Each structure stands twice: as C-alpha cells, then as structure tokens.
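Student: There's a structure below that I have some questions on.
Protein chains in written order, with the numbering used here: chain A, 312 to 399; chain B, 104 to 280; chain C, 3 to 936.
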C-alpha cells in the first residue's frame, strides 16, 4: 500500500487518495466553437505513460487537489506540487 | 419493498464503553463551527490564534482544529453568524449537530485508534482529518498522551459505536495477552 | 524402522502430554509438538496421499516447505480444512484426517489410480476423456480434483484483529543472523521489531546443534532475547511476514492459536532486514516421493526442536558440505548413518510404502530413511515482493538477493551467507553501514540437477504430482517459458507455492532448452508467502460495519411509530408505517397524503452551501439551468450534468443572499455532489473567493405535503405568513423555531403544496411531534418512502438513476431550453451537441397508461418494435405503480422518440409475455399545477 504526499497533510496511506486525471487536460472554451475531435480528446484521450507520469490526485480526506509525478512501473513517487497557494 | 427492521438493530444508547486499559465515551460540545477562509481572518473572527493538527496535545474546552489548508473547526467558540462574511472573506457554518464526538482514554487508547487509522505519533500532520475504518473522522490528542478525541459525521454515530465495540475489545485483549 | 522420540532434548515439554487422533487412531504427543513431529515420534510415516496418483506420502520437511502432510482437523465442534501438519501446533483433543485419502492415508481406496499414471500426466484433461463427451467424465474428475473437505458450519468467533503498526527497522527472522542484527540495532537506539514464525526464537540453531559464540543455542538465544527487550526492541513470535507491498508495507500474520483467526499487522517499516534463512532443496531421482525421504534440514529440525529421531538406518544423500554436520548429530542420537555422494550417478529409492534402501551409481545401501539435500536455496520471496532482483551464484548453485535496495537488505543464509561466523559479522554490520556482504568459501557444492530423459518416475512437484516427464512434455508442446511451464503442468501452484519444486522445474527446463539458469529465470513470487485464511484480510469488513448505513436523528421516533425501516440511498429510512401489510399501508398513506397531508422525514436531502463573491458564477457553471438570475428567497429546480452531458443529479437550489446558495441535491448523491463541487472549485476558480460547505448532517428536515399542509405548518408558532400570495411555491423563508434558526422551503416532490422545514438536529424531535399533533386532528399522518415514490410518479417527477440511466441527457427529459438558449458555459455543454446527443431516436421520458383492470406493468419491461422481422427494444419501463388516488395503474418509461409518439399504442414485452400500453405525458395528476400552487 503506497504512501502518497499530500502537499498540506503530509504522507498518508494511498486509501485516502483518488486519481483525478492526467495533468494537462485543459477544458476547451465552450463559449467558442469546439470541434468534435477536440472535445473527444478532452474527454477520452489519456497518455497512459510507462514510467514517469504527471497526474492530478485528490487527497480525499482534506479534498486538496495537487500534482503528483509518479513512476507507473516502479511505483516510486517522484514529486509533489501543490496547486493551492500557501494560506495567508 | 423489504422490512429491514431486524437486519439493522435499534441503536443502543451507549454513552460509555469501559474495558481494561480503554474507556470510550461520547461527549457533546456546546458548539461546533466550520470556518473556511484565510487564517488571519479566522483568528480575527474567533479570537483564537492557533489551530491544532496531529499529534499536538490540545487542552481546554475552546479550541480550533485544522482541517484543511483553508478550513478549521472551532469547538466551543464564539457564536458567529452563519453564512458569508464579506468583510473578512469567511464562510461560516454551524455544525453543532453535524458531528458526533467521542473521547478515547487509557493505556490502549492509541492501540485502539491504530485499529482504524494509520496514525503514528512520530508522523505529524497539519490536518486532523483521517479515515477511521473508512469513516471520515477528525482525530486529535486532547489533554495528555493517552487521551484522544474523534469526530465523525452525526449520521455515522451508530456505525462508529458498533465498530468501536469490536475494535476496543480487540485492543483491550491484545494488551492482556 | 520409522521415527521415534528420544529420551531428552528438543523444546517440547515432556511434562505436558497431549492426546490426539490421526485417521481414527489415538496417539499422544507433547506441548510444543507439531502434528507432524508428534506423528513421527509415534512411528507414523504415511501421512497422506498425493493429489493425482494417490501415492503414499510422508513428510519431506519440518516447516512450511512440506508439501505432503495436509490434514482436515476437528477440534471440539469446529472443523478446519487443509491444515499443514508441519506448521500446526498440537492441541489436546485434535482429530486429524489426511485429506485426499479414504478411509486412511495408510490404506487408500484410490491407490489404484497410480496404475493409470500414463494417462494422467500434465494437462491430461485437455486431451483425454473427450468421447463421447467431456460432460460425462467431468463430475467424477472434478470430485477427485479437490483437496480437503469444507464443513458448512462456521466457526464461532473467528474474527481477525487488524492494526496499523510502524517501526524504523523490521527484522524478519529470529535465527542467528536476525537475532544478532536486531540486538545490535536495538542497542544502538533504533526502534526495531523482530518477528519469527516459530513459537520459539532461534531459527536454524536447534537443528545445527552446535555451540554459538561459546554458548549452547538455548542460552545464547535467551541472552539475545533479553538484550533486545532491555534495549526497547519489540519481539513477536508465531508471526509470519507473508508479503511485502508498496513502499515498505509488510503484512504480518500473528498466530493466536488454532481456533482463532490470526491478527494482521500492517507494518510500515522504514527499513527491512530480511533474515529468512534458506531451505534444503530436494534431489530429483527415481521414486523420490516415497515416505521416509526427507530433507537433511528436516531430520535435524525434528531432532533439535522436537526430540524426534526420524529413522534408525539412515542414508544421507547430498552434494554439499553442510550435510556432513547433520550426520554427526543423528549418530549421537542413536541412528546409523551412511553418507552417500549424490554426484556418483543415478539415484533410485527402493521399496514402496516402506523404504528398503537406496541405489546410488549402481551401489545399493540398505536403509529405512533417506535424507536428501541438493543444496541450500535462500528464501528470497519477500525480496522479490519488494521488487528486488536476484543474482545467480554458480559457486552456491543458487539465486541470491541482488543489489541492495533502498530500505531493504538481506543477511545470513537468506543472502547466501551460509557460514555462521560470516553471517554474524554480516548481521552486526547492518548497524554501521546498513549492511555489507561478507563472502567466504566455507560452503561447497557440486550441483546435481534433474536430467531430462532419465529413467524412472522422478518427482518435481510433490503436491501436484508433477514429474520430470511432465516438464519434458511441456517443452515438447512449446510451453517453454517458466510462467507457461508453471501453468501448464501446475508445477509450483500448490499450497507450498513451489518452495520445493521451483528450482528443479526451471533447471530441468533450462537443461532441455540448452539455456543457462539465470537466462531461464524464476516465476513471479507473489504474496502470501504461506497460505493465510481469508479472514485475515476481513477483520471488521463484515456485517454492519462493512458498509454502514447513515442513520436518521428521528430513527427511534419512527420505530416507535411502527415504521418498517429499509435501505434507501445509503440511509436507513421508513418505508411505510403500521401493522398492515406493506401494500395496504402504502395505499392508505397515499390516500391520506392526497386528501389531508403526509408528514415525512426528509433529513437526508443534501444541504450544501456555496458561498463567496464567485458563488453566483460558479453555480451558474455547475448547473445546466441558468441560476445567475435566481433571486434571494427563491428556489429553482435544476440538473447537474457530467462533462459527457449525462444527467448526474437533480435537485433544487435556493438563494439565501447575493453570495450564498444552498444546494439541495438528492439524498443518495450528497457525497458525490460535494466532491464534484470541490473539484470544480479548485480547478479553474480562485478558491479564496468561493467555498463549499456540506452542512447536511447539521440540519434535520421534515416535510409536510398535501391540501392541508399549510394549515399544519401554521401551527408551528412562527411569525410567517403562509398565504400563497405571500409564500408562493418555489420560495423559502428563514424563521425561528424553539429559539433556533429554521428554514422553510416551499418545494414539492408530490405535486401537492409542500413545506420542507429544516431545523438543527437538536430541535427535530419537537418539530416532528408538533407537526404530527397538528396533523392528527386534520387527518394527516406520517408517510414513508414507498408512498412517496407513488405520489411523485403520479405527478411525473423523476428519480435520477431510476427514471434516467447512464445515457440520459436533459433534453430527453423534456428540459430542452437551456441547451438551446443558455449562453454561459456550463458543465457538459459541448456534449449536448455531440452526434449521439443529436440523434432523433434518443430515448425520451414518457408516461404509459394501461386499462384499469390490467394491473401495473412490470418495472424493467421492454418496450418493443418489430423491425425487419426482428423484435427490438425501443425503451424500458422505469417506474410502475398502482395509483390509489387515480384508481388505475401508472408507469413511467424511457422510449425512443417518445415525444413524437404521444397517444400511440406501444407493445410491452416481459418474460415472454406481451401487453399493450398507451404513450402519455408522464404527468398524470393536475397538469395545470393548481394543487401545487394552492
């Protein structure tokens, strides 16, 4: 069972986390025309990288969304990047 | 259309569970308030300047727990108006009826907690939010190293008691063998 | 001559005799015996029958490496299947039976199967028993294929205990190396846990039988034990490390006694020291499966730990330098030992159930016992679980752990360090450098491997009866990778998971293929290392704690009122009330609600607050409908879509203020909606200007619905004016009840005027009682979920997930305007214009009418059409009830082109029977909304 680093809470058991998607999926601006192909890419296309992969995860326990770079083969956690600002 | 009255037993009014090395009781704080927003503003609104995480030892009846980067739970704090406080930029919600609070005490208190959550006094965490056997819970140390409090959603109170009876039995027995 | 107990020695307690039976005969042993050691001490040799050929078998090993002696055990009233005799501690009163043998292991009725072995090789069931049909033979073969018998009575109190545990160093294995390393680290101030799977620490020291650091094994072990404890280290015996999982999580199974489920420790170790030792591997030779053929290690283990001499006339056949030590010990215990060099030529065991001798390279030696050692195999399973690589060492003829990993090292025999002094030095070095391998050359071995093509039947996997010929057959049929070899022959798939068969199998295949051993490689090692009961993983994931329901604050009140509670959307809620049958109760509640009023507990409805300067723009984006224009004090019904345009949830949203909204989503979707809102909040919004608070648990809600609802709520003593002009449908008011805030929303799920009153949980009991009292005099009373389902269906109000499915979009439900008109972006917007979303044949929400006397349509029935001579489904009946108020059955459905086919007849097909129904509007009651707005 893996240990993942939530940028706020620190290291927690993987059961507290939920995979939220791959980094880099920007929502097309739907107030302008979006082709079927572009919308389909947004909804369905995944890179499914072997090795280092940049992913968005949610620490469900505190509901913070963040970026985690993981090696999908060795299960090593390579990097964590907070998407939230530090509290003021 | 199925009558499940017998399948789900009537909730028992358990106020205290006492075992060797372990006591679990339910307590009812006067007030609990969830506040979201910048920390300085929260301090200003509540007059409390510190929010606790794990495994810091809290004391007193009035205290603040850190739930998230931008959220706290105030226990027995001041009576604040519910809703959006535009001046301070705070979202305030009364949650007095929203959580069931339990106190776990004794030599086996930590062993009991570790049967539901992977808490470790050597691994601090700024947030008190945890999963306790799958239930969303807040877990923190209160007053001394062998006393803890745990909050679960009030609709899971019965689930917690059922679980606690079984886990407490196991923890207490483990200590004596 | 078979086994016997010697007068002294061993760890058993001769002052505590225990009685047991095996295959119906009574025997006695001592406290500290395993079933296997006790049977050997009683001279019992034949302890089982092999899986396929039913050949008589005795024990090969003394611990988890034994593949042969598997017993069903009865103790008091409980029966436990498939217990390994070598790892089951003897308990007084045990009644053991060999599995796979009848009436006993000694005289088995199916022994004759062995005569047919030529037709029962690997994978025979793929090729034989084909004509006239496999089905003819299958039942008989399947009956013979299992191992053990399952008693259908459950064992009372068999519940695992599970806990999270952690330490800096976990030392796995309490032998010489493990004890030394643990002591050194504990005394250096490290937080260590030492585990060993035996009840007594010491590992191989008892069978080695020599002094260690000048002391007897028992004295030395006791010193280490004491020192470790004094230095603050934790020791757990009878505890097996059964698997290593990601990020150094180790699964430990702690034995709590025979009739009790083991305890699971989920041990997170910063560093792991693997001191798991090594096993004797078998030598592959003709008739190598006979009773009385054991490993050298086993014989010395039975002697050292249990005080049992396994035979009197022993032939010791080996190819390595360690076996010589054993001979001296066995002689000292009173056996005659002849050493045979296994490299001298082909070996064959002589005799059947009783060994008479062994032939090595043409020379015959008389014996009653053969001890074989083909070399030591380090136990590296946990190393492989953790992802470590293995290196092949020619000088040891074994796979050893490869380069050290971060967070894990191997020491001692597990690391290929077989010499005692070197192992102790290696163990001590763990403290300083995290481990440095010390290599010497005190162990010499001449590898002897299985010879494909050799004569005689030679066993590779004892438990699954896989022979060398089976490996040759696999190679002939091109199942040459070790993973294919394993699955095709079932080699290594039995309960010993290849501990005694993996090496022989892969080396035989390497030899056939002309490949080197490292090239051939091993199969994947997976947890658990030894069989563990499923209960170990279950713990409190059972019964009511597996998936607990949410409970209502008013549950006691409902039960007292005679409610039949049921599971609805994750909550335990009243289905109906009273002593009547469900049908009668529901009818009565419906009638009452339409005539006077119904009072029901709607506390599970979500109350999620969205607050902040960006709240308005946010909810306008989240909802399909336009929310921006909602005024404070007003309520709007809306849908939340997924990005694929599918309706995820419906509900109402109220505006409390310019920067404050309350979302009242359906009760089963609260957690999902909350998560969804938080995800969008942090994705593309400024979280400092927008907050989402789920306050559902803090508020309890009671709804009063019906023509007399207004009269009833007026009794609450609030200062509100409930007249319809001042308090119209789809608005709400904030007020006070019992000195605490209350919100009254005029929202309806029934089609009659309804008031949802939300108060803090502490006030709800008084609220309920006040409303019941007020309602009682007007003919109103409590209604449950079942009646509510009928009432809402009469009005055509849908239930998400029941009247919608994974493809339903808002325009299918008759809500098409936002799709056409809403300018602002919203979740799912683009998907509503995909090709699929624009198909003309989409399934649309409709009502179905049938003649009164016909009875309701079955829910789930298909609406069908005939096209090109085939019957095709064009829709589904989603809800169907007998409506007491309308006096006829009503139904709701999703149907292709439903809107276009209004008024037409449609065929309904269910379990082969057809009926006709008429397509109608889903709203059967008061389409003008007079009752709703009253």
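Virtual Cβ for every residue (Gly too), placed ideally from N, Cα, C. Quantities reported herein were computed from a predicted structural model and do not represent experimental measurements.
Can you check whether the C-beta of residue 247 of chain C is within less than 8 Å of a C-beta belonging to chain A?
Tutor: With 8 Å as the cut-off, residue 247 of chain C counts as an interface residue toward chain A.
Student: Between which two residues does the alpha helix (DSSP H) holding residue 473 of chain C run?
Tutor: Start and end: 470-478.
Student: By the criterion of Cβ-Cβ separation under 8 Å, what are the contact partners of residue 217 of chain B in chain C?
Tutor: Going along chain C in sequence order, the residues near residue 217 of chain B (Cβ under 8 Å) are 165, 166 and 167.
Student: Could you tell me the alpha carbon to alpha carbon distance between residue 147 of chain B and residue 191 of chain B, rounded to whole angstroms?
Tutor: The straight-line gap from Cα to Cα measures roughly 8 Å.
Student: What does residue 226 of chain B touch in chain A if you count any residue whose Cβ is under 8 Å from its own?
Tutor: Neighbours of residue 226 of chain B on chain A, chain order: 321 and 322.
Student: Any beta-carbon of chain A closer than 8 Å to the one on residue 221 of chain B?
Tutor: By this cut-off, residue 221 of chain B is an interface position.
Student: Under a Cβ-count criterion, where at least 16 other Cβ atoms within 10 Å of its own Cβ denotes burial, should residue 182 of chain C be classed as buried or exposed?
Tutor: Its Cβ being crowded by 16 or more others within 10 Å, residue 182 of chain C is buried.
Student: Could you list the residues in the region 530-558 of chain C with a C-beta less than 8 Å from some C-beta on chain B, going in chain order?
Tutor: Against chain B - using a Cβ distance shorter than 8 Å - the residues of the region 530-558 of chain C are 542, 546, 547, 550, 551, 552, 553, 554, 555, 557 and 558.
Student: Just to confirm the assignment, what range does the alpha helix (DSSP H) spanning residue 586 of chain C have?
Tutor: That run of the alpha helix (DSSP H) goes 584-597.
Student: If we define contact as Cβ-Cβ less than 8 Å, is residue 695 of chain C a contact residue for chain B?
Tutor: Yes, its Cβ sits closer than 8 Å to a Cβ of chain B.
Student: How big is the Cα-Cα spacing for residue 268 of chain B and residue 113 of chain B?
Tutor: Whole-angstrom Cα-Cα distance: 15 Å.
Student: Between residue 722 of chain C and residue 612 of chain C, how many whole angstroms is the CB-CB distance? I'm expecting something under 8 Å.
Tutor: About 25 Å separates the two Cβ atoms, so there is no contact after all.
Student: Report the neighbours of residue 258 of chain B on chain C: residues whose CB is nearer than 7 Å to its CB, in chain order.
Tutor: Chain C residues near residue 258 of chain B: 552, 553 and 699.
Student: How many whole angstroms separate the CB atoms of residue 592 of chain C and residue 886 of chain C, which I take to be in contact at a CB cut-off of 8 Å?
Tutor: Yes, residue 592 of chain C and residue 886 of chain C are in contact; Cβ-Cβ is about 5 Å, under 8 Å.
Student: Who are the Cβ neighbours of residue 806 of chain C in its own chain at under 6 Å, not counting the five residues just before and after it?
Tutor: The residues are 649.
Student: Alpha carbon to alpha carbon, how far is residue 105 of chain C from residue 190 of chain C? Give it in angstroms, no decimals.
Tutor: Each residue's alpha carbon lies about 58 Å from the other.
Student: In the DSSP assignment, find the alpha helix (DSSP H) that holds residue 678 of chain C and state where it starts and stops.
Tutor: Per DSSP, residue 678 of chain C belongs to the alpha helix (DSSP H) from 672-684.
Student: For residue 271 of chain A, does the count of other Cβ atoms within 10 angstroms reach 16, so buried, or fall short, so exposed?
Tutor: A query on residue 271 of chain A cannot be resolved here, the shown segment of chain A reaching from 312 to 399 and no further.
Student: Restricting to Cα atoms, I'd like to know which of C:20, C:790 and C:801 is closest to residue 44 of chain C.
Tutor: Answer by Cα proximity: C:20.
Student: By the 8 Å beta-carbon criterion, what residues does the region 672-685 of chain C contribute toward chain A?
Tutor: Of all residues in the region 672-685 of chain C, 677, 680, 681, 684 and 685 have a Cβ within less than 8 Å of some Cβ in chain A.
Student: How long is the line joining the alpha carbons of residue 251 of chain B and residue 129 of chain B, rounded to whole angstroms?
Tutor: When rounded, the distance between both Cα atoms is 12 Å.
Student: So, with DSSP's three-state summary, where would you put residue 177 of chain C?
Tutor: Three-state DSSP puts residue 177 of chain C in coil, outside helix and strand.
Student: Could you tell me the alpha carbon to alpha carbon distance between residue 208 of chain B and residue 740 of chain C, rounded to whole angstroms?
Tutor: Answer to the nearest angstrom: the Cα atoms are 36 Å apart.
Student: Is residue 641 of chain C near the ligand GTP - that is, is its Cβ less than 7 Å away from at least one heavy atom of it?
Tutor: Among the components of this structure there are no ligands whatsoever, and the ligand GTP is therefore not found.
Student: Could you say which of C:128, C:64, C:931 and C:589 lies nearest to residue 890 of chain C if we only look at CA atoms?
Tutor: It is C:589 whose Cα lies nearest to the Cα of residue 890 of chain C.
Student: Verify whether the separation of the beta carbon atoms of residue 333 of chain A and residue 313 of chain A is less than 8 Å.
Tutor: Not in contact: residue 333 of chain A and residue 313 of chain A (Cβ atoms no closer than 8 Å).
Student: Measuring only the C-alpha atoms, how far is residue 531 of chain C from residue 260 of chain C?
Tutor: Their Cα atoms are separated by approximately 19 Å.
Student: Any Cβ of chain C within less than 8 Å of the Cβ of residue 124 of chain B?
Tutor: Closer than 8 Å: no.
Student: Is the Cβ of residue 414 of chain C closer than 8 Å to any Cβ of chain B?
Tutor: No, no contact with chain B.
Student: Buried or exposed: where does residue 480 of chain C fall if 16 or more other Cβ atoms within 10 Å of its Cβ makes it buried?
Tutor: When all chains shown are included, residue 480 of chain C counts as exposed.
Student: Note down, in chain order, each residue of its chain lying with its Cβ closer than 6 Å to the Cβ of residue 244 of chain B, except the 5 sequence neighbours on either side.
Tutor: Around residue 244 of chain B: 158, 160 and 251.
Student: Should residue 831 of chain C be flagged as near chain A, meaning a C-beta pair shorter than 8 Å?
Tutor: Yes, residue 831 of chain C lies at the interface with chain A (some Cβ there is under 8 Å from its Cβ).
Student: Using the beta-carbon count (16 or more within 10 Å), is residue 65 of chain C buried or exposed?
Tutor: Buried, because 16 or more other Cβ atoms sit within 10 Å of the Cβ of residue 65 of chain C.
Student: The beta strand (DSSP E) that contains residue 245 of chain C, what's its start and end?
Tutor: Taken as a continuous stretch (DSSP letters only), the beta strand (DSSP E) holding residue 245 of chain C covers 241-247.
Student: Does the Cβ of residue 221 of chain B have 16 or more other Cβ atoms within 10 Å, making it buried, or fewer, making it exposed?
Tutor: By the neighbour-count rule (16 or more Cβ atoms within 10 Å), residue 221 of chain B is buried.
Student: With DSSP collapsed to three states, give me the class of residue 489 of chain C.
Tutor: Here residue 489 of chain C sits in helix by DSSP.
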